[in-house]
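For the sequence shown, counting from 1, position 405 maps to 407 in the numbering used here; every step adds exactly one.
Scroll down for the structure; my scribbles are underneath it.
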Amino acid sequence: MLNRFRHFIFAVIAGLCLSASPCRAQQAPPQTAKAEHGLQKAQDPWWKHAVIYEIYPRSFQDSNGDGVGDISGITSRLDYLRDLGIDAIWISPMYPSPLVDFGYDISDYTAIDPLYGTLADFDRLMSEAKKREIRVIMDFVPNHTSDQHPWFKESRSSRTNPKRDWYIWRDGKAPGEPPNNWQSWFGHSAWKFDPATNQYYYHHFYTEQPDLNWRNPQVPKAMYDAMRFWLKRGVAGFRIDAVSRLFEDANLHDDPILPGKNAYGDPNIAHKYTDNLPEVHEVLREMRRVVNEYPGNPVLISEADEPNIAELTKMYGTKNDEVQLPMDFQIADVNKLSAPDFRRLLSEIDENAAGGQPHYFFSNHDQPRQWDRYGDGVHNDQIAKLMAALLLTTRATPLMYYGEEIGMRTTDPVRKEDVQDPIGIIGWPQEKGRDGERTPMQWDASKNAGFSAAERPWLPVPASSAASLHCEMDVICHSIVKMHSCCPFYARDQAVAMRFWLCLT
Ligand code: GLC
Ligand code: CA
């Protein structure tokens, strides 16, 4: 059985490799290809040859025993990241926040939440990371603020407040009826009635995350200034959250209803009038101009689950003047181990009309971990290694999620009362929320897997940590060797791949 499986794995890898255009390089003798690779690397911007690693700060390393990870915890693990071969870390939001969406509801864009530390801790992280040649990428959330942000507090205070138009306020269609049928990504109507001023505000995500009005010129100005605040502190760029949702149809057309219902019991809907409006690209061009004001080739990474290659290509900009690394959700959303699907999507993006750099990932803080997603229940370890080979050996810039390197598993809560992520409460039991992919990093076999000295960390360390701490050397080793010999030009010389290869934990 294992042999049959091995053959299958080789067929997947070889199929991908032989069909994808990068393998044209296999014609070059390995030495020349290697030298060319080195030369190319010296000329290219850093992000083309980087391995990026996402840190969910609540769950990476707790330094003060309160059960929640923090900045000093990250700093204390920089040596580990350097040894793993990581070139840049993207840290999910650490800004002050009421934490309804665990930081994606920001109440101040230019500060650090005390839960994670101070600006001084952040500056120390920056300088320690620099010593190890690790760049730091901030998460940036331009679509919405927290309802506790002073801007929104002002905005909701009266219809004539100068910040009223910083958010999207509309009259209801009729008494008790929202302005139209738009739905929140997190379930139910996207409009929340505010009795104080008798109008509704729009929120694409939780009700506590009102959408900013990007058509008001003061909003982009304030947001670009927030970006500059962090660029001046030396960050290497931003991962831009939910960027395709920045604009909504000004005429409030109803979204088309689709057959069936979603996990929240609402009719399915096409987000035609609230997603991917063309104005998004003007903003991306402007954001690119902002980062270009700073040295060191800062990078923009976009979170936008583009539905097809044409939309994904647009994110690079017609003159390569928008996002350098649009996350490829098409690949991340292939939820089965399918060589033809991966082959088609890898080729499509590899040949994208903009000539942009592909950017792949499989897991993140919203996306169940790949160990389970692609695993067949019997060979999950081997399949996880295969996915690692796939991620780390193409010419794309790979994006890893903490714990991926040790085969961490998704561990959903089993009781509704244990759920932390509000969508898991709204959608229980069909939608269990995202706690499962956010459990603490597993460092060693000590208490709470070395994550925290607290009695109860904010999410439990699952019993499976014992297994993920012992990865065994198997099929992946051979797969990566094959990949290296097939595509020497594109094979990564990163220590990360080697670490997977040797299965050192
Ligand atoms: C993005 C984030 C997700 C968050 C949402 C709203 O999709 O990745 O975690 O809940 O935006 O900010
Ligand atoms: Ca802490």
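Glycine residues also receive a C-beta, built at the ideal position from the N, C-alpha and C atoms.
Because the structure is a prediction, the values reported are computed rather than measured.
Best match in V53, Y296 and L393 for proximity to F231 [C-alpha to C-alpha]
Y296
Own chain, CB closer than 6 Å to I333, minus 5 neighbours either side, in chain order
L347 and Y362
Which of the three DSSP states, helix, strand or coil, is assigned to D243?
coil
Using the Cβ count rule (16 or more neighbours within 10 Å means buried), how would you classify Y548?
Outside the shown range of the chain (3 to 507) lies residue 548, about which nothing can therefore be said.
Any heavy atom of ligand 1 closer than 7 Å to the CB of E56?
no
For D89 versus R137, is the C-beta spacing smaller than 8 Å?
yes
Run the CB neighbour count on K509, radius 10 Å, all protein chains shown included, and call it buried at 16 or more, exposed below.
In this structure the chain extends from 3 to 507, so residue 509 is not present and cannot be described.
8 Å Cβ shell around N270 - same chain, five flanking residues per side excluded
I259, L260, P261, G262, K263 and N264
Return the chain-ordered list of same chain residues with a C-beta closer than 6 Å to the C-beta of D343, the five sequence neighbours on each side being excluded.
V336
How big is the Cα-Cα spacing for A386 and T413?
16 Å
How is Q45 classed by DSSP in three states: helix, strand or coil?
helix
Expressed to the nearest angstrom, what Euclidean distance is found between the alpha-carbon atoms of E56 and E135?
16 Å
My guess is that I242 and I139 are in contact by the Cβ rule of under 8 Å, so how many angstroms apart are they, rounded?
Contact flag wrong, Cβ pair sits at about 10 Å.
Tell me whether L286 sits in a helix, a strand or coil according to DSSP, three-state version.
helix
By the three-class DSSP mapping on this structure, what secondary structure does G438 have?
helix
May I ask you to report which of helix, strand or coil DSSP gives D85?
helix
Which ranges does the alpha helix (DSSP H) cover as unbroken runs of at least 4 residues, wholly within the stretch 126 to 172, from first to last along the chain?
152 to 159
What does a CB cutoff of less than 6 Å around L279 pick up in its chain, not counting 5 residues either side in sequence?
F249
Cβ-based burial, S186 [other Cβ within 10 Å; buried from 16]
buried
For Y403, report the span of its beta strand (DSSP E) as first-last.
T399 to Y403
Cβ of P370 within 8 Å of Cβ of G435?
no
Please confirm whether Y266 and I427 have their CB atoms less than 8 Å apart.
no
Closer than 7 Å: D115 CB and nearest ligand 2 heavy atom
no
Using the Cβ count rule (16 or more neighbours within 10 Å means buried), how would you classify T162?
exposed
Bridge partners - S304, DSSP secondary structure assignment:
I242 and P328
Measure the C-alpha to C-alpha separation of A355 and G319 and round it to an integer number of angstroms.
10 Å
Pair within 8 Å by beta-carbon distance, L327 and W49
yes
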